[in-house]
Amino acid sequence: MTLGTSEPTGREYVRHHKDDLVKILRHGSNPEIRAYAYAILLRYGTERDIEEIRREFETVIGGER
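Under the working numbering, the residues of the sequence shown are numbered 14 to 78, in order.
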């Protein structure tokens, strides 16, 4: 890290990497990594992000019945 720079906050990280995190949730084969992605989105995502993920989970769960 250089002087004058700071590490991104959790919200900044989610804002810049949300698509990657969602891709991990959808297609990841490692449950632990998927859990980390989910935890990051829950902790630092916006209410809109969380609602979007909830709807996707409901769609997946509904499709498995």
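Don't be surprised by glycine CBs; every beta carbon is placed ideally from N, CA and C.
Tell me the rounded alpha-carbon separation between residue i and residue j.
i   : j   : result
G58 : G75 : 24 Å
I37 : R68 : 16 Å
E65 : S19 : 29 Å
If you reduce the DSSP assignment to three classes, tell me which class residue i lands in.
i   : result
P44 : helix
G75 : helix
G58 : coil
E20 : coil
Please identify the residue among the options whose C-alpha is closest to the C-alpha of residue i.
i   : options               : result
A52 : E20, S19, V27 and P21 : V27
F70 : H29, P21, N43 and V35 : V35
T72 : G23, P21, R39 and D33 : R39
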